Amino acid sequence: MKKILVPVDFSDMTTDVLIYAIRLAKENNASIVVLHVASPNPIYSGADTEPPLIQTYMAEELTREQGELDAIVAHIKSQDIEAYSILLQGPIIDTIMDEANEIKADMIIMGKESHGLLYRTLLGTTSEGVIRRTHIPVLIIPEK
C-alpha cells in the first residue's frame, strides 16, 4: 500500500492539506501518516535539569498536540482510509525527512507557510527545505 506523509502544524492550512491528502489517498488506495514535529525542549545553560514548570508545560503541550493528532486520524479513518499519527520533537525539516525515509513515504503533502520576505530570505520555509532535500514527490498546498 502506498503511504502519504502529511506534516501538520495545526494552523488554518491543516484542513486544506487534509482535504487534498484524503482525496489522493482515496484515489490511490494509500494510507496517510500524519506527522507533527513539536518544538524540542529548551536547553538551559548552567542548569542540571529543566525547571519543573517548563517540564510540566512541555508535557501538557505534547498531550494537547497528541489529542489534536488523534482527532485528525479519527476524521481520516471515518473516510475509510488507513491512517496513524506520529508526534516527534526535533528540528522540523530534519525530522520530516527522517520520518519520510523511515516510513518509506511515496508522497509528502504539506501546506505553504506565509512568512514575510525577510523571514524567507534569512531562514527559508519548511516546505522549501523539504523540497530541496528529498527525492520523494512533494505536493505543496497554497493558502486560499
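Just so you know, the sequence shown maps onto residues 3 to 146 in this note's numbering. C-beta atoms are modelled at their ideal positions from N, C-alpha and C, and glycine is treated no differently. The model shown is predicted, which means the values in this text are computed figures rather than measured ones.
query                                                                                             : result
Given residue 136 as reference, the closest of 76, 143, 145 and 111 once Cα atoms are compared    : 111
Nearest-angstrom beta carbon gap, residue 13 and residue 85 [assumed within contact, 8 angstroms] : Not confirmed; about 20 angstroms, so no contact.
Those residues which DSSP pairs with residue 5 across a bridge                                    : 33
C-beta atoms of residue 87 and residue 36 nearer than 8 angstroms                                 : yes
Under the three-state DSSP convention, the category residue 38 falls into                         : strand
Under the three-state DSSP convention, the category residue 120 falls into                        : Residue confidence is low: residue 120 scores 47 on pLDDT, short of 50, so the model does not pin down where it sits. Its coordinate-derived value is still stated next. In the structure shown, residue 120 sits in a helix (DSSP, three-state: H, G or I).
Simplified DSSP assignment, three categories, for residue 91                                      : strand
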